[in-house]
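To start, the structure itself, in structure tokens.
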């Protein structure tokens with residue numbers, strides 16, 4: 029996912045140190061087993077009256093713009109919460125989410141917004157996201173486990189971010205990123221992707237546009 033060009037505005041070596049106050053790691057037996065990243069940005073200014081359809085990409089661009097012009101942030105978005113396999117299923121995801129919420133609260137923000145990447149959507153990449161988030165378990169709770177975690181922690185689903193992350197590259201680049209040999213143009217499913225990607229052998233490019241789900245946590 030770091031092949032997204034926008035990611036360089038946050039994770040690039042020249043800028044990442046600007047965001048260290050919003051970055052956390054989780055340790056087990058002195059081993060790093062989890063990480064969480066957040067990004068502050070100014071909201072309710074011209075052109076920013078609702079969370080963007082561009083999701084993950086757009087809040088990074090907003091934060092970068094704010095840094096360039098010296099505009100003070102007024103809120104915060106999570107960007108990533110990742111755990112190694114040994115750290116999953118025992119409450120650590122909630123702990124990392126809690127770290128981001130505590131960070132936002134201490135700064136004085138009223139909410140933490142999250143462009144959630146539903147972690148089980150990859151099982152049905154052709155199902156539209158707005159239909160996917162309505163799937164329920166027998167007890168009436170949201171079917172997707174990561175969305176359910178956010179809701180359990182007090183989050184509420186606001187909207188779909190239909191083009192939250194866009195990754196484009198040549199066919200050779202996509203083959204190196206995925207290990208897949210692309211033999212035809214058209215809509216192609218790749219392992220781990222939430223939706224299919226578009227491949228054009230004739231024009232030598234592939235593009236992946238991922239939808240996410242905006243969830244907001246009041247603090």
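In the numbering used here, the protein residues as written are 29 to 247. No residue lacks a Cβ here, since even glycine has one placed at the ideal position from N, Cα and C.
Endpoints, the alpha helix (DSSP H) within which residue i is located
{"i": "residue 86", "result": "83 to 97"}
{"i": "residue 159", "result": "157 to 160"}
{"i": "residue 180", "result": "173 to 180"}
{"i": "residue 111", "result": "No alpha helix (DSSP H) contains residue 111, which is instead part of the beta strand (DSSP E) from 103 to 111."}
{"i": "residue 37", "result": "36 to 39"}
Alpha-carbon spacing of residue i relative to residue j, whole angstroms
{"i": "residue 52", "j": "residue 62", "result": "8 angstroms"}
{"i": "residue 201", "j": "residue 102", "result": "38 angstroms"}
{"i": "residue 37", "j": "residue 240", "result": "19 angstroms"}
{"i": "residue 151", "j": "residue 89", "result": "30 angstroms"}
{"i": "residue 230", "j": "residue 193", "result": "24 angstroms"}
{"i": "residue 162", "j": "residue 222", "result": "16 angstroms"}
{"i": "residue 107", "j": "residue 197", "result": "22 angstroms"}
{"i": "residue 172", "j": "residue 74", "result": "34 angstroms"}
{"i": "residue 182", "j": "residue 143", "result": "15 angstroms"}
{"i": "residue 158", "j": "residue 208", "result": "28 angstroms"}
{"i": "residue 128", "j": "residue 212", "result": "43 angstroms"}
{"i": "residue 134", "j": "residue 49", "result": "11 angstroms"}
{"i": "residue 131", "j": "residue 55", "result": "18 angstroms"}
{"i": "residue 41", "j": "residue 165", "result": "43 angstroms"}
{"i": "residue 206", "j": "residue 39", "result": "21 angstroms"}
{"i": "residue 204", "j": "residue 219", "result": "14 angstroms"}
{"i": "residue 21", "j": "residue 170", "result": "Lying before the first or after the last residue shown, residue 21 is absent from the chain, which here runs from 29 to 247."}
{"i": "residue 96", "j": "residue 43", "result": "11 angstroms"}
{"i": "residue 145", "j": "residue 98", "result": "30 angstroms"}
{"i": "residue 116", "j": "residue 58", "result": "16 angstroms"}
Own chain residues within Cβ distance below 6 angstroms of residue i, not counting five before or after
{"i": "residue 105", "result": "67, 87 and 141"}
{"i": "residue 195", "result": "31, 32 and 236"}
{"i": "residue 110", "result": "63"}
{"i": "residue 147", "result": "174"}
{"i": "residue 246", "result": "139"}
{"i": "residue 47", "result": "none"}
{"i": "residue 160", "result": "149"}
{"i": "residue 69", "result": "87, 90, 91, 94 and 101"}
{"i": "residue 137", "result": "103 and 104"}
{"i": "residue 65", "result": "51, 107 and 108"}
Residue i: first and last residue of the uninterrupted beta strand (DSSP E) it sits in
{"i": "residue 246", "result": "233 to 246"}
{"i": "residue 191", "result": "184 to 197"}
{"i": "residue 123", "result": "No beta strand (DSSP E) contains residue 123, which is instead part of the alpha helix (DSSP H) from 120 to 135."}
{"i": "residue 141", "result": "139 to 144"}
{"i": "residue 163", "result": "That residue, residue 163, is in no beta strand (DSSP E); it is neither H nor E in DSSP."}
{"i": "residue 229", "result": "No beta strand (DSSP E) contains residue 229, which DSSP labels as neither H nor E."}
{"i": "residue 214", "result": "214 to 216"}
Residue i beta carbon near the ligand FAD (any heavy atom closer than 7 angstroms)
{"i": "residue 66", "result": "Absence of the ligand FAD is noted for the structure shown, with no ligands found whatsoever."}
Cut-off 8 angstroms between Cβ atoms - residues of its own chain near residue i, not counting five sequence neighbours on either side
{"i": "residue 85", "result": "32, 34, 191, 192, 193 and 194"}
{"i": "residue 199", "result": "210, 227, 229, 232, 233 and 234"}
{"i": "residue 244", "result": "79, 139, 140, 141, 142, 183, 184 and 186"}
{"i": "residue 82", "result": "89, 189, 191 and 192"}
{"i": "residue 114", "result": "56 and 61"}
Cut-off 7 angstroms between Cβ atoms - residues of its own chain near residue i, not counting five sequence neighbours on either side
{"i": "residue 224", "result": "153, 154, 215, 216 and 217"}
{"i": "residue 238", "result": "192, 193, 222 and 223"}
Within 8 angstroms, do at least three Cβ pairs link the region 118 to 134 to the region 165 to 185?
yes
In chain order, each beta strand (DSSP E) run of at least 3 residues that lies wholly inside the region 52 to 79:
59 to 69
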